[in-house]
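Let me begin by presenting the structure, written as structure tokens, before commenting on it.
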Amino acid sequence: MTETLSPVLPDHIDRVAADVLEAACKADLSLATAESCTGGMLAALLTDVEGASHAFDRGFVVYSEKAKCELLGVERKMLDDCGAVSRDVALAMARGALRGSDADIALSVTGFAGAGAPGDEAGLVHFGCAVRDGPETTRECHFGDIGRGAVRIAALEQGLSMMTAAIDQASSHAAPSAA
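Residues 1 to 179 (the working numbering) are what the sequence shown spells out, left to right.
Structure follows, in structure tokens:
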């Protein structure tokens with residue numbers, strides 16, 4: 001189980017994080033994260049489980065638009081056209097995390113954990129998940145104006161769920177077919 005974050009996280013998130021890492025280890029897959037509104041919490045959670053360090057390659061905390069462009073290769077035009085909190089940007093972030101790492105699976109999170117600019121929906125979070133040489137998925141969640149901490153914790157849960165599905169999918173593609 002996790003150690004550092006456990007006092008602030010619900011117990012089930014600790015268990016899911018440990019399960020994600022165990023599944024990644026069993027499948028010989030490595031993970032990367034690209035985080036904006038969660039500020040690196042997912043990477044911190046995945047590095048807090050003892051004995052599974054080889055399953056996590058790296059994390060990118062890209063809170064600013066400039067960081068998304070410089071570190072993940074998100075195109076400035078995409079940010080201008082779609083906004084930083086969008087399906088397209090979430091997917092571009094996940095793709096950029098794969099390009100910038102040795103990971104097999106990358107999960108991105110971008111959203112409004114709290115109040116954004118006028119017209120921004122508090123609690124709107126977009127996720128992108130990319131599997132190297134495999135499928136890509138996105139998810140849009142409307143957590144509501146429940147507070148920054150609660151949105152971030154809900155985002156961790158969704159991100160871990162997407163990683164679980166990606167590991168399962170990547171594992172089934174790598175498994176030899178039955179004769």
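Ideal placement from N, C-alpha and C gives every residue a C-beta, glycine not left out. As the structure is a computational prediction, the values presented were derived from the model and not from experiment.
Buried or exposed for residue i, going by 16 or more other Cβ atoms inside 10 Å?
i, result
"D11", "exposed"
"R99", "exposed"
"E50", "exposed"
"V62", "buried"
Quick one: give me the first and last residue of the beta strand (DSSP E) that residue i is part of.
i, result
"I105", "105–111"
"D57", "56–61"
Along the alpha helix (DSSP H) that carries residue i, what are the first and last residues, could you check?
i, result
"L72", "65–72"
"G96", "87–99"
"D81", "76–82"
"A44", "41–46"
Among the residues of its own chain, which have a CB less than 6 Å from the CB of residue i, if the five just before and after it don't count?
i, result
"G73", "G96"
"V151", "A113, G123, F143"
"S177", "Low confidence applies here, because S177 scores a pLDDT of 46, under 50, leaving its location unreliable and the question unanswered by this model."
"A154", "F143"
Provide the residue(s) that pair with residue i in DSSP beta bridges, ordered along the chain.
i, result
"T137", "C129"
Give me, in chain order, the residues of the same chain whose beta-carbon lies closer than 8 Å to that of residue i; leave out the 5 immediate sequence neighbours on both sides.
i, result
"A90", "S108, V109, T110, H126, F127, G128, T138"
"T164", "V16, D19, V20, A23"
"A179", "The pLDDT assigned to A179 is 44, lower than 50, so where the model puts this residue is not dependable; a value taken from the coordinates is nonetheless given after this. Once the five neighbours on either side are set aside, A179 has no close Cβ partner at all."
Using a Cβ-Cβ cutoff of less than 7 Å, which residues in the same chain neighbour residue i once the five nearest sequence positions on both sides are dropped?
i, result
"G40", "G59, V61"
### Task
Please specify which runs of the alpha helix (DSSP H), each continuous and at least 4 residues long, are wholly inside the stretch 4–31, giving them in chain order.
Taking 4 residues as the minimum length, the alpha helix (DSSP H) runs contained wholly in the stretch 4–31 are 11–26, in order along the chain.
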